[in-house]
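2 protein chains.
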Amino acid sequence: MLSRRSDTPSSDFVGAAVTAIAQLIREQDLRPGDRLPAEAVLSKDLQVSRTVIREALRSLAALRLVELGAGRRPTVAELNDDAFGLMIEHGVVIDQIDIQQIYDARRTIEARTSALAALRRTEAEAKAIIAHAEAMAADFHLPEKVIEHDIAFHLSIARASRNPVFALILGAFQNVTRQTWPIGWRSRANDGDRQAMNALHHEIGQAILAGDPGAATAAMNQHFDVSLKALVTAGLI
Amino acid sequence: MLSRRSDTPSSDFVGAAVTAIAQLIREQDLRPGDRLPAEAVLSKDLQVSRTVIREALRSLAALRLVELGAGRRPTVAELNDDAFGLMIEHGVVIDQIDIQQIYDARRTIEARTSALAALRRTEAEAKAIIAHAEAMAADFHLPEKVIEHDIAFHLSIARASRNPVFALILGAFQNVTRQTWPIGWRSRANDGDRQAMNALHHEIGQAILAGDPGAATAAMNQHFDVSLKALVTAGLI
DNA sequence: CCCCTAAACCTGTAATATAGGTTTTGGGAA
DNA sequence: TTCCCAAAACCTATATTACAGGTTTAGGGG
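Chains as they are written, first to last, in my numbering: chain A, 4 to 240; chain B, 4 to 240.
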């Protein structure tokens, strides 16, 4: 978990190319969408075969530093949560991370995103957040719809927090959340429990609309208390 | 930030191979260190050229789902923070993330890791954490030593929290922290300010040793208040 | 049963070829 | 002049072959 990456591994052509290309982006101050030199050019400049360049570009594309496409030069890309999501999923698959730990991370971060959202959300964002909460209540007998609104609800808050780091991290948890969500849902045996959860979503949304960070965080924490209890009941944690 | 990855992109051979290999790891329940099929075998199984398989493996290696080495079959790898660190660094380079946002994420998470560390640390971990705080005080006229102890101090706490998600995220911030750290250091004009920071580190360490999560979090928050102020003074935020 | 070595296996890099996708260029029409 | 279009130039995705090393395995000798 703690190893520093070895810059410019001398005998690793691909690693060296990755470093060189990342450096190129930094030093030339390239922006998302800007084009990198063609593979053939990089190959000549860095004195390695196109094979090496391609593998280096694929590495960078996997991390979403660059974007590749047939016929077009490699372009600088914007971060998104896919890559980090894959990593988290892998951590769960190999039991390096468990569900409880992800939940604790979510709780920690979402306590903050809800407060920031209350402070920073636009009117439109507040409306969208509340709309998801209401849609959840309206469709509460259709789990396949509820889950989508639930996830969208939390992610809207993350975005409204105006901190892309939070949005990135919480977005990466999405896939794992999606897999455990039905378990929590089923463990809420009766509609009363489910409606209680809707009430909490409503409360969070209202606090964000009202611009009350303390209330938003409090409601969010309460929400996680209840959700966590559901997962414990289900024996998942 | 929100796009879901499209599973099995039909016309993207490499993407399909990545998905297939990741699925292989999951379905065969492979553990870190376990070997994947040789490239030639994957090539035959998935009906694509070795070129495609290699690029797929490089993608997975970039995310640290697998590890590659000359002469040896690809092996399943453990997560580490290098890959995520590269992503974060890129986010900063392209101005998708700013330093203040990383600091807010750190503060949010470290408030929690310090509390968890107080609850879960072993005796040895508590000693190591305190040792870093003391080394910082002892070497406080040697910035190049102080920074290393500072970073190690925070990371030890993250590890002692027993949540690898936190350790992963905070580890990924390391490189960025390392780049901004000297700025904060210089803005602490006199030794008094610097010693004050040492006192806070000491306080955090003692709270963790004492097993007092509330005090640990409080001291950590105070620490971030001061650090943030230093960065503001320096005009970085 | 253990150790060592040769063979078998396997990856890293390079070079070449080609199908198709994208961008640029330059000319002709409006 | 400006706009549009088609041809040309450019470029990537994939496949194939080759070979230099590095690693693992199998088998024989002690």
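By construction, the Cβ of each residue, glycine as well, lies at the ideal position given by its N, Cα and C atoms.
Since the structure is predicted, the reported quantities are computational estimates derived from the model, not experimental observations.
For residue i, which residues from the same chain have a beta carbon less than 7 Å from its beta carbon, with the 5 sequence-adjacent residues on both sides left out?
i          : result
Ala-64(B)  : Glu-70 and Leu-71
Met-223(A) : Glu-113, Ala-114, Ser-117 and Ile-207
Ala-23(B)  : Leu-49
Ala-41(A)  : Arg-76
Val-21(B)  : Ala-59, Ser-62 and Leu-63
With respect to the beta strand (DSSP E) encompassing residue i, which residues constitute its N-terminal and C-terminal limits?
i         : result
Gly-72(B) : 69-72
Are residue i and residue j closer than 8 Å when you measure CB to CB?
i          : j          : result
Leu-119(B) : Thr-183(B) : no
Leu-68(A)  : Leu-89(B)  : yes
Thr-111(A) : Arg-115(B) : yes
Leu-212(A) : Ile-133(A) : yes
Val-179(B) : Ile-105(B) : yes
Leu-173(B) : Arg-123(B) : no
Val-51(B)  : Arg-29(A)  : no
Val-246(B) : Asp-32(B)  : Missing from the structure shown is residue 246(B); chain B here goes from 4 to 240 and no further.
Leu-27(B)  : Ala-86(A)  : no
Gly-187(A) : Ala-237(A) : yes
Pro-167(A) : Gln-99(B)  : yes
His-93(A)  : Ala-136(A) : no
Leu-82(A)  : Leu-171(A) : yes
His-152(B) : Ala-138(B) : yes
Ala-202(A) : Ala-210(A) : no
Looking only at its own chain, which residues have a Cβ that is under 8 Å from the Cβ of residue i, when we skip the five neighbours before and after it?
i          : result
Thr-125(A) : Ala-163
Gln-177(A) : Asp-84, Gly-88, Ile-154 and Leu-158
Gln-198(A) : Ala-140 and Phe-143
Ala-25(B)  : Leu-63 and Leu-68
Asp-15(B)  : none
Arg-34(A)  : Val-79
Quickly, what does DSSP pair residue i with across the bridge? List them, please.
i          : result
Arg-191(B) : BP columns for Arg-191(B) are empty, so no partner.
Arg-38(A)  : Thr-78(A)
First and last residue of the alpha helix (DSSP H) that includes residue i?
i          : result
Thr-78(B)  : No alpha helix (DSSP H) holds Thr-78(B); the beta strand (DSSP E) holding it covers 75-79.
Pro-146(A) : 146-163
Ser-117(B) : 102-123
Gln-225(A) : 216-236
Ser-62(B)  : 53-65
Asp-32(A)  : It is not in any alpha helix (DSSP H) - Asp-32(A) carries neither H nor E in the DSSP assignment.
Phe-87(B)  : 84-96
Ile-132(B) : 126-141
Only counting the same chain, and skipping five residues up and downstream in sequence, which positions put a Cβ closer than 6 Å to that of residue i?
i          : result
Ile-150(B) : Trp-184
Val-17(A)  : Val-55, Glu-58 and Ala-59
Arg-53(A)  : Glu-42 and Ser-46
Lys-148(B) : Asp-142
Arg-146(A) : Correcting the residue identity first, residue 146(A) is Pro in this sequence and not Arg. Hits under 6 Å: Trp-188.
Under the assumption that residue i contacts residue j (Cβ atoms under 8 Å), give the Cβ distance between them as a whole number of angstroms.
i          : j          : result
Asp-215(A) : Ala-121(A) : 6 Å
Ala-175(A) : Ile-102(A) : Their Cβ separation, rounded to whole angstroms, is 14 Å, which puts Ala-175(A) and Ile-102(A) out of contact at 8 Å.
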